[in-house]
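In what follows, a structure is listed as structure tokens, so that the remarks can point back to it.
There are 2 protein chains.
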Amino acid sequence: MRQATIRDVARQANVSVASVSRTINGHSNVNAATLERVLQAVRDLGYVPNAAARSLSMALSHTIGVVVPDLHGEFFSELIRGMDGAARAAGYQLLLSTMHADVAEARHALAAMHGRVDGLIVMAAQIDPAELDAMLPASLPVVLLNGVGGGDRSWFAIDNRAGAAAVADHFAALGRRSILHIMGPEANVDARERRDGFAAALKRSAPGASLTVMPGDFGEESGRAAVADAIERQLTFDAIFAANDMMALGAMQELQRRSIDVPDKVAVAGFDDIPMARFLGLTTMRVRMDEIGKRAVEALTAALDEPGRAVKQERLVPELVVRASTTGERQ
Amino acid sequence: MRQATIRDVARQANVSVASVSRTINGHSNVNAATLERVLQAVRDLGYVPNAAARSLSMALSHTIGVVVPDLHGEFFSELIRGMDGAARAAGYQLLLSTMHADVAEARHALAAMHGRVDGLIVMAAQIDPAELDAMLPASLPVVLLNGVGGGDRSWFAIDNRAGAAAVADHFAALGRRSILHIMGPEANVDARERRDGFAAALKRSAPGASLTVMPGDFGEESGRAAVADAIERQLTFDAIFAANDMMALGAMQELQRRSIDVPDKVAVAGFDDIPMARFLGLTTMRVRMDEIGKRAVEALTAALDEPGRAVKQERLVPELVVRASTTGERQ
DNA sequence: CTGAAAGCGCTTACAG
DNA sequence: CTGAAAGCGCTTACAG
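In order, the protein sequence lines correspond to chains A and B.
Residues in the first sequence are numbered consecutively from 44, following our numbering.
Residues in the second sequence are numbered consecutively from 44, following our numbering.
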């Protein structure tokens with residue numbers, strides 16, 4: 044069944060398409076009788092305006108392009124949920140595209156958005172910042188997410204350093220002095236910031252404490268392996284800070300397997316606050332991805348409504364959530 | 044900076060816009076020299092075709108509208124990931140819209156898609172099937188997800204009955220005879236199907252076994268409460284099947300708190316296979332939301348490429364994953 | 001308040 | 001192989 048067009052409505056209501064358009068868009072300059080006839084015709088025909096035509100004509104799509112890496116689990120849905128809420132509130136839709144490592148594909152994904160989005164939210168994972176900057180359309184406002192320090196673009200990110208510092212302070216307050224840090228992939232900017240922020244803060248809040256960095260890959264198994272490795276190498280440690288929760292949980296499992304008491308012998312903390320962390324009593328830093336998504340959309344729609352508005356750059360500080368893995372207290 | 048249009052490219056290359064269009068779209072009927080000049084102009088101007096204009100002209104958007112309820116956690120990302128992969132493979136983009144309980148809002152979300160999508164994938168949660176059917180645009184191919192048995196539309200869903208039956212058979216094989224089922228919300232079709240499928244299968248595979256159904260709401264707390272309640276009421280039971288993992292985990296916690304051994308005294312099984320299930324050794328039914336998303340997109344793109352193709356309706360059978368909560372064996 | 005007409009940026013018969 | 005022209009479905013000055 045062919046969808047009715049504005050022309051069909053005009054014919055049915057015996058008015059011009061201009062009047063139909065005015066009615067549909069709630070313009071004031073339309074006589075009551077005309078308005079009623081048009082509305083009736085719209086109902087009769089089940090007319091729905093064609094969004095592509097409207098976009099083309101108005102050069103406005105009321106759509107935000109979202110380009111994100113192939114995120115796993117909670118993060119992704121939280122981020123999208125946050126964006127969706129803010130977008131809905133501002134009257135925007137989300138055009139979603141996941142960006143893989145492939146640069147050509149990423150370029151294509153961005154190109155495919157031209158004309159159908161008013162602005163872009165991009166979370167670049169494996170793309171080089173300079174390269175990314177070059178492929179971002181100059182004609183569209185862009186908000187960047189995480190890890191990109193782009194000079195004159197708006198961005199929102201997790202404050203990894205502040206988060207890691209909170210863990211360091213927490214360990215120091217607990218009197219822990221021999222710390223193991225299980226790091227994420229060296230290539231990952233979050234991983235680097237967490238390590239550096241942790242090391243710097245530890246130096247301040249627990250002068251003289253020892254810190255050993257073990258490699259990891261954000262996977263549970265690598266957390267387990269790091270603990271096994273440290274014990275193998277006869278390192279002594281009374282606390283572990285893993286760069287994310289999955290590795291922290293892996294580490295906890297390995298400690299339990301070896302009957303090493305958590306937190307009496309070794310306190311453990313992670314980063315992210317995935318649902319399992321609460322369940323298993325893991326102390327961690329709560330990262331609000333939904334909040335990041337929300338802020339990004341709000342900044343973008345604000346820029347869209349009022350071009351030439353100031354660039355907004357912000358690091359959201361995660362919140363320390365203390366659980367049994369560091370204090371022994373079950374909630 | 045104003046984006047270059049096809050007109051700018053034509054002028055720059057000294058050809059007609061028709062030739063530019065042909066070149067861009069890889070048509071064969073364009074002379075080598077012309078092609079080269081056009082390509083050069085495209086590069087010089089950084090030209091990217093306007094998707095809205097193309098959509099309007101071709102009445103084709105290469106975009107799939109996705110309307111889903113405000114899903115939580117893993118499910119959402121898995122579903123989207125599955126869709127995204129299949130969409131990307133078929134050369135489609137995803138326009139995402141979450142659908143809340145509000146019918147007017149849902150209608151608006153659907154209307155906003157007209158003209159910018161070639162087809163729709165809809166997962167209706169709280170919308171009445173008949174009502175939904177009425178608001179779905181007749182002009183667009185639609186694939187429904189979960190819980191909607193729409194006669195002549197394509198749909199994909201979880202085979203809840205088969206999944207629940209697998210749990211019943213598993214319990215029967217373990218020799219359990221006094222079963223507690225913690226049900227999801229009565230209003231939820233998944234919850235009803237799981238209960239009914241479980242009851243029916245249990246009658247077959249463990250004739251004479253007792254079954255008590257306890258109310259729940261899919262939340263962890265209600266799983267805990269159901270166990271407390273059952274004990275309070277002095278029910279005896281040697282197995283619990285919760286309609287989802289969260290309730291199963293709540294139930295397990297309550298059992299542990301009361302020092303009731305799992306699985307020796309009471310075996311526990313859930314449904315979904317959320318990440319925590321593996322971590323905590325919960326036997327469950329693995330539901331592949333990514334697979335459902337993938338199938339839905341594939342069915343839709345197939346219908347788009349070849350209109351008039353047969354309606355596809357399929358229930359994906361979840362897979363029984365046996366873990367320590369029923370067998371006691373740690374992997 | 002209303003309509004005829006131009007225009008948004010493309011694609012595609014149609015003629016040559 | 002190429003270009004002029006019509007058309008996709010809207011919106012919006014412009015005149016009246």
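Here a beta-carbon is modelled for each residue, glycine too, at the ideal position from N, C-alpha and C.
Remember, it's a predicted structure, so these values are computed and weren't measured experimentally.
Using the Cα positions of Gln277 of chain B and Ala230 of chain B, report the straight-line distance between them to the nearest angstrom. If I take the Cα positions, the gap works out to 28 angstroms.
Could you say if the segment 281–292 of chain B and the segment 263–272 of chain B meet the contact criterion of at least three C-beta pairs nearer than 8 angstroms? Put simply, the segment 281–292 of chain B touches the segment 263–272 of chain B. At least three CB pairs are less than 8 angstroms apart.
N- and C-terminal bounds of the beta strand (DSSP E) containing Val340 of chain A: Where Val340 of chain A is concerned, there is no enclosing beta strand (DSSP E), although the alpha helix (DSSP H) it sits in stretches over Met332 to Asp348.
Inter-residue spacing [alpha-carbon to alpha-carbon] between Ala243 of chain A and Arg235 of chain A: Approximately 12 angstroms, taken between the alpha carbons.
Strictly below 7 angstroms CB to CB, what residues from chain A border Gly96 of chain B? First, the amino acid is wrong: residue 96 of chain B is Ala here, not Gly. From the beta-carbon of Ala96 of chain B, the residues of chain A found nearer than 7 angstroms are Leu99 and Gly158.
Min CB distance Asp272 of chain B to chain A below 9 angstroms: No, no contact with chain A.
Could you tell me whether the Cβ of Leu292 of chain B comes closer than 9 angstroms to any Cβ of chain A? It does; some Cβ of chain A falls within 9 angstroms.
Simplified DSSP assignment, three categories, for Val360 of chain A: Coil, per DSSP.
Given this structure, state the Cα-to-Cα distance separating Val305 of chain B from Leu223 of chain B, to the nearest angstrom. About 14 angstroms.
Using a C-beta cutoff of 9 angstroms, does Thr141 of chain A count as contacting chain B? Answer yes: the Cβ-Cβ gap between Thr141 of chain A and chain B drops below 9 angstroms somewhere.
Alpha carbon to alpha carbon, how far is Ala310 of chain B from Ala208 of chain A? In a straight line, the C-alpha of Ala310 of chain B is about 43 angstroms away from that of Ala208 of chain A.
Between which two residues does the alpha helix (DSSP H) harbouring Arg7 of chain A extend? Only positions 44 to 374 of chain A appear in the structure, and residue 7 of chain A is not among them; the question remains open.
By the criterion of Cβ-Cβ separation under 7 angstroms, what are the contact partners of Met319 of chain A in chain B? In chain order: Pro318, Met319 and Phe322.
Could you check what DSSP says for Met142 of chain A in three-state terms: helix, strand or coil? In the structure shown, the three-state DSSP call for Met142 of chain A is strand.
Nonlocal neighbours in the same chain, by C-beta distance under 6 angstroms from Ala346 of chain B, ignoring five residues either side: Excluding residues within five positions, the ones whose Cβ falls inside 6 angstroms are Pro184 and Arg352.
With a Cβ-Cβ cutoff of 9 angstroms, do Arg329 of chain B and Glu362 of chain B count as a contact? If you check the CB distance, Arg329 of chain B and Glu362 of chain B come in under 9 angstroms.
So, does the CB of Gly89 of chain A fall closer than 9 angstroms to a CB anywhere in chain B? Interface criterion met: the Cβ of Gly89 of chain A is under 9 angstroms from a Cβ in chain B.
Gly348 of chain B burial status per 10 Å Cβ neighbour count (16 or more: buried): Sequence check: residue 348 of chain B is Asp here, not Gly. Burial call: exposed.
Ala93 of chain A versus chain B: which residues are under 7 angstroms apart at the beta carbon? Correcting the residue identity first, residue 93 of chain A is Asn in this sequence and not Ala. Neighbours of Asn93 of chain A in chain B, taken as residues at a C-beta separation under 7 angstroms, are given in chain order as His157 and Gly158.
Backbone CA spacing between Phe314 of chain B and Ile170 of chain B [nearest angstrom]: Cα to Cα, the separation comes out at about 24 angstroms.
Helix, strand or coil for Ala286 of chain A, going by three-state DSSP, please let me know. Here Ala286 of chain A sits in coil by DSSP.
Of the residues A:Ser71, A:Leu103, A:Ala53 and A:Pro92, which one's Cα is nearest the Cα of Val81 of chain A? Comparing Cα-Cα distances from Val81 of chain A to each of A:Ser71, A:Leu103, A:Ala53 and A:Pro92, the minimum goes to A:Ala53.
Please identify the residue among B:Val354, B:Gln299 and B:Ala211 whose C-alpha is closest to the C-alpha of Ser253 of chain B. Relative to Ser253 of chain B, the option among B:Val354, B:Gln299 and B:Ala211 whose CA is nearest is B:Ala211.
Label His157 of chain B either buried or exposed according to how many other C-beta atoms from any shown protein chain fall within 10 Å of its C-beta, with 16 as the threshold for buried. With at least 16 other beta carbons inside 10 angstroms of its own, His157 of chain B counts as buried.
Throw me the rounded Cβ distance for the Leu187 of chain A and Gln136 of chain B pair, which I believe falls under 8 angstroms. Cβ-Cβ separation between Leu187 of chain A and Gln136 of chain B: approximately 21 angstroms, too far for a contact (criterion under 8 angstroms).
Measure the CB-CB distance between Ser100 of chain B and Arg159 of chain B and report whether it falls below 9 angstroms. The answer is no: Cβ separation not under 9 angstroms.
Proximal residues, the segment 327–354 of chain A versus chain B, C-beta separation under 9 angstroms: Close to chain B, meaning a Cβ-Cβ distance shorter than 9 angstroms, is no residue of the segment 327–354 of chain A at all.
Under a three-way DSSP split, which group does His224 of chain A fall into? DSSP places His224 of chain A within a strand segment (E or B) once states are collapsed to three.
My output table needs one value for Gln46 of chain A: the three-state DSSP class, helix, strand or coil. Gln46 of chain A: coil per DSSP, three-state reduction.
Considering only C-alpha positions, which residue in the set A:Thr66, A:Ser59, A:Ser64 and A:Asp51 is nearest to Asp87 of chain A? Ranking A:Thr66, A:Ser59, A:Ser64 and A:Asp51 by Cα distance to Asp87 of chain A puts A:Asp51 first.
CB contact flag (Ala269 of chain A, Ser221 of chain A, <9 angstroms): The answer is no: Cβ separation not under 9 angstroms.
Three-way DSSP call (helix, strand, coil) for Leu175 of chain B in this model: Reduced to three states, the DSSP call for Leu175 of chain B is helix.
Below 8 angstroms, is the gap between the Cβ of Ser253 of chain B and the nearest heavy atom of the ligand COA? Only the bare structure without any ligand can be found here, which leaves the ligand COA out of the picture.
Ignore the nearest five residues each way along the sequence and tell me which others in Leu122 of chain A's own chain have a CB closer than 6 angstroms to its CB. So the list reads Met332 and Gly336, once near-sequence residues are dropped.
What span of residues does the alpha helix (DSSP H) with Gly313 of chain B cover, start to end? Element bounds for Gly313 of chain B: n/a, residue is neither H nor E.
Could you work out which residues of chain A lie near Glu117 of chain B, taking near to mean beta carbons separated by less than 8 angstroms? Listed along the chain, the chain A residues whose CB falls inside 8 angstroms of the CB of Glu117 of chain B are Gly116, Glu117 and Ser120.
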